[in-house]
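Presented below is the structure to which this report refers.
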Amino acid sequence: GTFSLIIEALHTDSLDDLTTENPERLISRFTTQRHLTVGEEWSKDMQTASRTELRFSYRFLCDEHYYGDGCSVFCRPRDDAFGHFTCGERGEIICNSGWKGQYCTEREWESTLIKLYHCACVGQLNERP
1 GTFSLIIEAL
11 HTDSLDDLTT
21 ENPERLISRF
31 TTQRHLTVGE
41 EWSKDMQTAS
51 RTELRFSYRF
61 LCDEHYYGDG
71 CSVFCRPRDD
81 AFGHFTCGER
91 GEIICNSGWK
101 GQYCTEREWE
111 STLIKLYHCA
121 CVGQLNERP
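Per UniProt numbering, the sequence shown runs over residues 1 to 129.
As structure tokens, then:
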């Protein structure tokens with residue numbers, strides 16, 4: 001995805017005072033806009049100014065339960081009335097054993113049981129005189 005990065009290096013005597021309102025405290029400012037694919041690999045960069053050199057690394061990771069190139073696919077595993085599934089590497093729904101359907105809310109044996117019950121009932125009706 002595309003992102004903007006702003007890094008400011010400040011001179012301060014206290015970590016409690018990191019405001020950027022006083023321009024005299026600013027040692028260096030770096031701004032960029034980049035495109036980066038989602039992944040664990042770090043990208044390294046360096047910014048050089050008149051009296052400073054800033055080396056930094058960055059990477060693009062999706063928040064938990066988000067997948068895809070832009071982290072736009074949401075999948076949170078569940079095992080309740082709203083579904084019985086886990087999530088694959090790309091965020092696809094993978095039904096737990098014994099479940100099927102778009103959100104894995106249908107038991108696999110229910111359709112078999114209904115068919116068997118229907119056949120048994122029809123068979124009994126046909127056997128009566």
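Backbone N, C-alpha and C fix where the C-beta goes; we use that ideal spot for every residue, glycine too.
Identify whether R51 lies in helix, strand or coil by the three-state DSSP scheme.
coil
Among L15, R76, G83, S4, which has the Cα closest to the Cα of D63?
R76
Suppose you measure from the CA of residue 144 to the CA of R29; what does that come to, to the nearest Å?
A question about residue 144 goes unanswered here, because the residues of the chain that appear run from 1 up to 129.
Give the DSSP-derived three-state secondary structure of W42 in the structure shown.
coil
Shortest alpha-carbon distance to N90 belongs to which of G101, S57, Q102, V73?
Position check: residue 90 holds Arg in this sequence, whereas Asn was assumed. It is V73 whose Cα lies nearest to the Cα of R90.
With a threshold of 16 other CB atoms inside 10 Å of the CB of S97, please say whether the residue is buried or exposed.
exposed
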